[in-house]
Amino acid sequence: MKEVKGNLTIEQQKIIDQTVVYVRDELSEAEGGHDWFHIYRVWKTAVTLAQEEQADLFIVNLGALLHDIADAKFHGGNEDIGPEKAKAFMESLSIEPEVTEHIIHIIRYISFKNRHQQTDFESKELQVIRDADRLDAMGAIGIARAFNYGGYKGRALYNPSIRPNLNKTKEEYKAATEPTLNHFYEKLLLLKDMMHTDAARKMAEQRHRYMEDFLEQFYAEWEGKR
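Numbering (my numbering), first residue to last: 3 to 228.
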């Protein structure tokens with residue numbers, strides 16, 4: 003019988019530790035909203051949710067750590083690079099094929115832009131990591147990440163003449179160049195009602211209210227009223 007540390011075997015914990023080192027090195031120069039610290043926050047939140055939802059902790063740990071190992075938006079829109087890099091890394095550690103396959107599916111289907119994509123794959127582990135990832139796009143950190151990425155892409159903060167488009171196709175979403183404030187209406191304010199787990203829903207409520215308060219303050223300042 004293998005030794006167990008918490009709900010993980012000692013062998014599994016070693017693999018998680020190796021994955022942390024790998025991901026931290028790979029994303030050492032990443033854009034600030036999609037760097038190692040984003041991964042760290044999603045990872046920690048996902049583990050917390052997994053414990054409440056009784057999801058597989060090994061899969062959640064690895065899936066959260068690898069979910070943005072090569073975000074398509076930084077690789078010319080190529081959605082295969084992330085899964086391929088994750089697969090190569092996991093195979094180098096001789097992780098069981100069924101675990102590797104599960105995590106590859108998580109990486110492929112976690113993204114907001116893929117929410118309308120038809121797939122037969124769903125799992126509690128995907129739901130937990132997806133909730134954690136969406137929570138990191140909300141609240142104070144979500145606001146900071148949105149404007150950091152907007153600055154990285156050279157986008158305007160706000161332009162009242164450019165209205166949000168709530169019916170974008172996946173390709174339109176990927177190619178978006180609109181002001182950062184539009185992103186609140188096209189994604190961030192929609193996330194509260196897209197959570198899977200009870201714990202994430204509670205966290206999302208507070209973060210959603212924070213974003214609404216921010217927008218109210220933003221518009222008032224824009225018009226010189228506060």
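By construction, the Cβ of each residue, glycine as well, lies at the ideal position given by its N, Cα and C atoms. Since the model is a prediction, treat every value here as computed from it, not as a measurement.
Where residue i and residue j are concerned, what is the direct C-alpha to C-alpha distance, given to the nearest angstrom?
i	j	result
GLU124	ALA148	28 Å
ASP2	VAL44	Outside the displayed span of the chain (3 to 228) sits residue 2, for which this structure offers no information.
LYS189	ARG26	27 Å
VAL6	ILE12	For VAL6, the predicted model reports a pLDDT of 43, less than 50, meaning its position is unreliable and no value from the coordinates is stated.
PRO181	ILE143	18 Å
ASP195	MET92	33 Å
HIS118	LEU128	In this prediction, HIS118 scores a pLDDT of 48, lower than 50, which makes its location untrustworthy; the coordinate-derived value is nonetheless stated afterwards. Going from the Cα of HIS118 to the Cα of LEU128 covers about 15 Å.
ALA32	LYS227	37 Å
LYS240	LEU191	No statement about residue 240 is possible, as the shown extent of the chain runs from 3 to 228 and does not include it.
ALA48	ASN9	15 Å
GLU28	GLU225	43 Å
GLN56	GLY78	37 Å
ASN167	MET205	27 Å
GLU173	ILE97	34 Å
TYR24	SER30	10 Å
Determine the extent of the alpha helix (DSSP H) in which residue i is found, giving its start and end residues.
i	result
PHE39	38 to 55
GLY152	141 to 154
MET197	Here MET197 belongs to no alpha helix (DSSP H), and DSSP marks it neither H nor E.
ASN80	First-last for ASN80: undefined, no H or E at that position.
TYR24	12 to 28
ASP135	126 to 137
THR171	No alpha helix (DSSP H) holds THR171; DSSP gives it neither H nor E.
HIS69	From DSSP, HIS69 is part of no alpha helix (DSSP H); its letter is neither H nor E.
Starting from the C-beta of residue i, find all residues in its chain whose C-beta is less than 6 Å away, skip the five residues before and the five after it, and write them out in chain order.
i	result
ILE18	ASN63
HIS107	PHE123
ASN161	PRO181
GLU183	The sequence as given places Leu at residue 183; Glu does not occur at that position. Closer than 6 Å at Cβ, skipping near neighbours: TYR160.
VAL22	none
GLY35	ARG147, ASN150 and TYR151
ASP73	HIS36
If you drop the 5 nearest sequence neighbours on each side, which residues of the same chain put their C-beta closer than 7 Å to that of residue i?
i	result
ILE109	LEU68, HIS69, GLY84, PRO85 and ALA88
ASP58	GLU127
ALA202	LEU51, ASP133 and LEU137
Could you tell me how far apart the beta carbons of residue i and residue j are, in whole angstroms, since I believe they sit closer than 8 Å?
i	j	result
GLN208	LEU95	Not really, about 38 Å apart at Cβ, beyond 8 Å.
ILE112	ILE61	At roughly 13 Å, the Cβ-Cβ gap does not stay under 8 Å, so ILE112 and ILE61 are not in contact.
VAL130	THR199	6 Å
ILE145	MET213	6 Å
Inset, instruction - Please confirm if the segment 64 to 71 is in contact with the segment 30 to 45, defined as three or more CB-CB distances below 8 Å between the two stretches. - result: yes
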